[in-house]
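So the structure is just underneath, and the comments pick up after that.
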Amino acid sequence: DTGVSQDPRHKITKRGQNVTFRCDPISEHNRLYWYRQTLGQGPEFLTYFQNEAQLEKSRLLSDRFSAERPKGSFSTLEIQRTEQGDSAMYLCASSLWGLESHRTDTQYFGPGTRLTVL
Amino acid sequence: TQLLEQSPQFLSIQEGENLTVYCNSSSVFSSLQWYRQEPGEGPVLLVTVVTGGEVKKLKRLTFQFGDARKDSSLHITAAQPGDTGLYLCAGGRSGGSEKLVFGKGTKLTVNP
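From first to last, the protein sequence lines stand for chains A and B.
As numbered in my numbering, residues 1 to 118 make up the first sequence, in order.
As numbered in my numbering, residues 1001 to 1112 make up the second sequence, in order.
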């Protein structure tokens, strides 16, 4: 049973470039979450999917950010025209949500993608 | 706005000492999760608590959820250097937005 995987683990880019991150959730997990974590802070919610539907987006997710989960399995997070303020750890998590588990919805995190924008 | 306040923010102790980390909020959560995070890695789940007053033990770690489901504590007995890391609490709410709300974390260092 593999956990959540993310690719790449590290990304260095120049300001103005586009970047795309991939997340593969735990198999059969129907929910997938994206969070962002900056130094000295806890993770902050960006968006989440249930199967292929994107159900909520944070105000942190500006129009330069887009996330997809086209087949309800893996997800991608794209950042267009990157800015230095986008430098952070981008974390993906997945959970198995159902009527019986709705109170817990325990989320399991991947190792993260560390983005550095120069 | 940080809905979950963790204290202390930093803690440095000697091996063998006991410690308690607190996670407080004015909001009610349907569940509360504790994670440990190493530098450059994602958070690793330690425990989920869902019932007010619930106590869970994981070896030398004891987790408690407050009766009103607004606060939680993590107690470590006889800390070891391997316990060093960032401890994060995260609150979840059911029946609507399922995102987790995190505290800033407690950075624990256990010196040998």
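Every residue, glycine too, gets a C-beta built ideally from N, C-alpha and C.
Practice task
Kindly give me the distance between the Cβ atoms of Leu1074 of chain B and Leu1086 of chain B, rounded to whole angstroms, as I take these residues to be in contact under 8 Å.
Solution key: On the second sequence, position 74 is the one that residue 1074 of chain B refers to. On the second sequence, position 86 is the one that residue 1086 of chain B refers to. Leu1074 of chain B to Leu1086 of chain B, Cβ: 12 Å. No contact.
Exercise for the section: Can you pull the chain B residues whose beta carbon is under 9 Å from the beta carbon of Thr106 of chain A, in chain order? Expected result: Start at 1 with the first residue of the first sequence, and residue 106 of chain A comes out as number 106. Neighbours of Thr106 of chain A on chain B, chain order: Ser1031, Gln1033, Leu1045, Thr1048 and Gly1092.
Handout entry: DSSP bridge partner residues for Glu78 of chain A (one or two, in chain order)
Key = Numbered from 1 along the first sequence, position 78 holds the residue referred to as residue 78 of chain A. Paired residue(s): A:Thr20 and A:Ser66.
Problem - Distance between Ala1090 of chain B and Thr1106 of chain B (C-alpha atoms, nearest Å) - result: Here the question's residue 1106 of chain B lines up with position 106 in the second sequence. Here the question's residue 1090 of chain B lines up with position 90 in the second sequence. Cα to Cα, Thr1106 of chain B sits roughly 12 Å from Ala1090 of chain B.
Problem - Beta-carbon gap between Asn1024 of chain B and Asp1071 of chain B smaller than 8 Å - result: Taking the first residue of the second sequence as position 1, residue 1024 of chain B is located at position 24. Taking the first residue of the second sequence as position 1, residue 1071 of chain B is located at position 71. Contact flag set, yes.
Practice task
Look up Gln84 of chain A in the DSSP assignment and say whether it is helix, strand or coil.
Solution key: Counted from its first residue, the first sequence places residue 84 of chain A at position 84. If DSSP states are grouped into helix, strand and coil, Gln84 of chain A belongs with the helices.
Exercise for the section: Starting from the beta carbon of Tyr33 of chain A, find every residue of chain B whose beta carbon is closer than 9 Å, and list them in chain order. Expected result: If you number the first sequence from 1, residue 33 of chain A lands on position 33. Per Cβ cutoff of 9 Å: Glu1098, Lys1099 and Leu1100.
Problem - CB contact below 8 Å: Glu1041 of chain B versus chain A - result: Counting from 1 along the second sequence, the entry for residue 1041 of chain B is found at position 41. Cβ-Cβ to chain A under 8 Å: yes for Glu1041 of chain B.
Handout entry: Boundaries (first-last residue) of the beta strand (DSSP E) holding Gln962 of chain B
Key = Not covered by the structure: residue 962 of chain B. The range shown for chain B is 1001 to 1112.
Exercise for the section: Compare the C-beta of Gly1052 of chain B against all C-beta atoms of chain A and say whether one is closer than 8 Å. Expected result: Within the second sequence, residue 1052 of chain B is the residue found at index 52, counting from 1. No, Gly1052 of chain B lies away from the interface with chain A (no Cβ there is under 8 Å from its Cβ).
Practice task
Check each candidate in B:Val1055, B:Leu1088, B:Glu1098 and B:Thr1048 and name the one with the smallest Cα separation from Asp1067 of chain B.
Solution key: Reading the second sequence from its first residue, position 67 is the one you call residue 1067 of chain B. That would be B:Val1055, whose Cα lies nearest to the Cα of Asp1067 of chain B.
Practice task
Taking 8 Å as the threshold, find out whether the segment 38–52 of chain A comes into contact with the segment 64–79 of chain A through three or more Cβ pairs.
Solution key: yes
Practice task
List the residues of chain B whose Cβ lies closer than 8 Å to the Cβ of Gly112 of chain A, in chain order.
Solution key: Within the first sequence, the letter at position 112 stands for residue 112 of chain A. Chain B residues near Gly112 of chain A: Gly1040, Glu1041 and Gly1042.
Exercise for the section: Pick out whichever of A:Trp34, A:Asp86, A:Thr106 and A:Ile79 has its Cα sitting closest to the Cα of Gly112 of chain A. Expected result: Numbered from 1 along the first sequence, position 112 holds the residue referred to as residue 112 of chain A. Checking every option, the nearest Cα to that of Gly112 of chain A belongs to A:Trp34.
Handout entry: Contact the segment 1001–1016 of chain B vs the segment 12–31 of chain A: 3+ CB pairs below 8 Å
Key = no
Practice task
Look up Lys1059 of chain B in the DSSP assignment and say whether it is helix, strand or coil.
Solution key: Taking the second sequence and counting its residues from 1, the one referred to as residue 1059 of chain B is at position 59. Note: Lys1059 of chain B maps to coil in three-state DSSP.
Problem - Proximity winner among B:Ile1013, B:Ser1012 and B:Ser1007, relative to Tyr1022 of chain B (alpha-carbon distances) - result: Taking the second sequence and counting its residues from 1, one reaches residue 1022 of chain B at position 22. The option with the nearest alpha carbon to Tyr1022 of chain B is B:Ser1007.
Practice task
Spell out the partners DSSP gives Ala53 of chain A in its beta bridges.
Solution key: Within the first sequence, residue 53 of chain A is the residue found at index 53, counting from 1. The partner list for Ala53 of chain A (beta bridge, DSSP) reads A:Gln50.
Practice task
Measure the Cβ-Cβ separation of Arg9 of chain A and Arg81 of chain A and say whether it is below 8 Å.
Solution key: Translated into the one-based positions of the first sequence, residue 9 of chain A becomes position 9. Translated into the one-based positions of the first sequence, residue 81 of chain A becomes position 81. It is not a contact, given that the beta carbons lie outside the stated cut-off.
Practice task
Tell whether a beta-carbon distance below 8 Å holds between Ala93 of chain A and Phe109 of chain A.
Solution key: As a working note, residue 93 of chain A is residue 93 in the first sequence. As a working note, residue 109 of chain A is residue 109 in the first sequence. The answer is yes: Cβ separation under 8 Å.
Problem - Lys1059 of chain B, buried or exposed, once every other Cβ within 10 Å from all chains shown has been counted against 16 - result: To locate residue 1059 of chain B, count along the second sequence from 1; it is residue 59. With fewer than 16 Cβ atoms within 10 Å of its Cβ, Lys1059 of chain B is classed as exposed.
Practice task
Please list the residues of the segment 81–93 of chain A that have a C-beta atom closer than 7 Å to any C-beta atom in chain B, keeping them in chain order.
Solution key: Leu91
Exercise for the section: Could you work out which residue in B:Gln1033, B:Gly1052 and B:Thr1109 is closest to Leu1046 of chain B when comparing CA atoms only? Expected result: The count along the second sequence starts at 1 and reaches residue 1046 of chain B at position 46. Residue B:Gln1033 is the option with its Cα nearest to Leu1046 of chain B.
Handout entry: N-terminal and C-terminal residue of the beta strand (DSSP E) that Val1110 of chain B is part of
Key = What you label residue 1110 of chain B is simply residue 110 of the second sequence in a count that begins at 1. Element bounds for Val1110 of chain B: Thr1106 to Asn1111.
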